[in-house]
Amino acid sequence: MLFFLYRIRNEVNGSNFHLGEPWYLLVAFAAGILAFLLYTASWYFILGHSAVSFKKLLLLNLMGSYVSISVNSALGALIKCRYLGISWVRSIGAYSVVVVFELLPGLFVLLLEGSWYAVFPLILFLWAIFHEDSLYRVIARLFKLLRQEKFINEFYSGWKLAKKGNLPAAFFSTLAQVFFSSLALISTGRAFGWEFRLTGAFVAVLYSTVLGMIGTPGGIGGNELGIVLALDIGGKAVGVAFLYKFLTQYVYIIPGAFVFYRVLSSQKSLLDA
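364 is the number of the first residue of the sequence shown in the working numbering; add one for each residue after it.
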């Protein structure tokens, strides 16, 4: 946590802008909390039919955030799967539904702005949402050539598991999550006198999500790079990106660590409640 604060201070001090309206940071923090709760709600709508409570998912997301950021995102996902009682690959399949919903707003904005490279992922994602069976038959052939039939079968099983949930509620919950994440980013920028459109924030969240998934640990670097690429390549964007991610993601290290070590140290887990 101290390291993140140090990095943020250095990035902000090294750029040509200063904190002008600090109350916007409170707006960003509040929007980040709402986005985190809506992210948990998306999981709940997808897995609620499996008798998984909202409280358990909230604790798992806090714990997973701590492990993902402090160690590795893959390990964070593994720990979450351990307590959900599903395999890692199946959980990736279920989680992919939420990720696709997260990416759709930014992709539509890119398409409307004339970025034709958004067409292929949009078609692929919409195909996966509305007719995953036919897409699975196409993709399974490639995995069969790679002798990875087990992986794609489990992934497909996880995707189908998610489709059994309340998909419309999960979709609108995720859209609201993206909106509040974008609002948090806009508010962070406004705190330093930097304004940009909501559509630009949607694209920044899109890039941040994609690059964050391949960043290690926990998307550190990848998340911020996505925001910088979408908004502006300069010191101002870097400072805003680090502070935004701190307010909406890295701050959960503390409660996540508390949940993680309480679960490890107690015979009766918090997650059993």
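Every residue gets a Cβ at the ideal spot worked out from N, C-alpha and C, and that includes glycine.
Look up Val-434 in the DSSP assignment and say whether it is helix, strand or coil. coil
Would you mind working out which of Ala-567, Gly-552 and Arg-625 sits nearest Leu-389, comparing C-alpha positions? Gly-552
Cutting at 7 angstroms between CB atoms, please list the residues of its own chain near Ile-442, excluding the five before and the five after it. Met-426, Gly-427 and Val-430
The alpha helix (DSSP H) enclosing Asn-516, as first and last residue numbers: 512–526
Taking just the CA atoms, how far does Arg-500 sit from Val-601? 43 angstroms
Pick helix, strand or coil for Asn-529, following the three-state DSSP scheme. coil
DSSP state of Arg-560, grouped into three classes? coil
Who are the near neighbours of Gly-619 in its chain, counting only those whose CB is closer than 6 angstroms to its CB and skipping five residues on each side? Leu-425, Met-426, Ser-428 and Tyr-429
Between the CA atoms of Ile-409 and Ser-416 - distance to the nearest angstrom: 11 angstroms
Considering Val-614, what are the terminal residues of the alpha helix (DSSP H) in which it resides? No alpha helix (DSSP H) contains Val-614, which DSSP labels as neither H nor E.
Residue from Leu-561, Val-460, Leu-397 and Ala-393 whose Cα sits closest to the Cα of Ala-539: Leu-397
State the DSSP-derived secondary structure class of Val-622, mapped to helix, strand or coil. helix
Report the residue from Glu-384, Leu-485, Tyr-607 and Ala-457 whose alpha carbon sits nearest the alpha carbon of Glu-517. Ala-457
8 angstroms Cβ shell around Leu-401 - same chain, five flanking residues per side excluded: Ser-536, Thr-537, Ala-539, Gln-540 and Phe-543
Just the Cα atoms here: how many angstroms apart are Ala-391 and Leu-524? 34 angstroms
4 or more residues per run - each alpha helix (DSSP H) lying fully within the stretch 410–488: 417–433, 436–447 and 451–475
Taking all protein chains shown into account, decide if Val-482 is buried (16 or more other Cβ within 10 angstroms of its Cβ) or exposed. exposed
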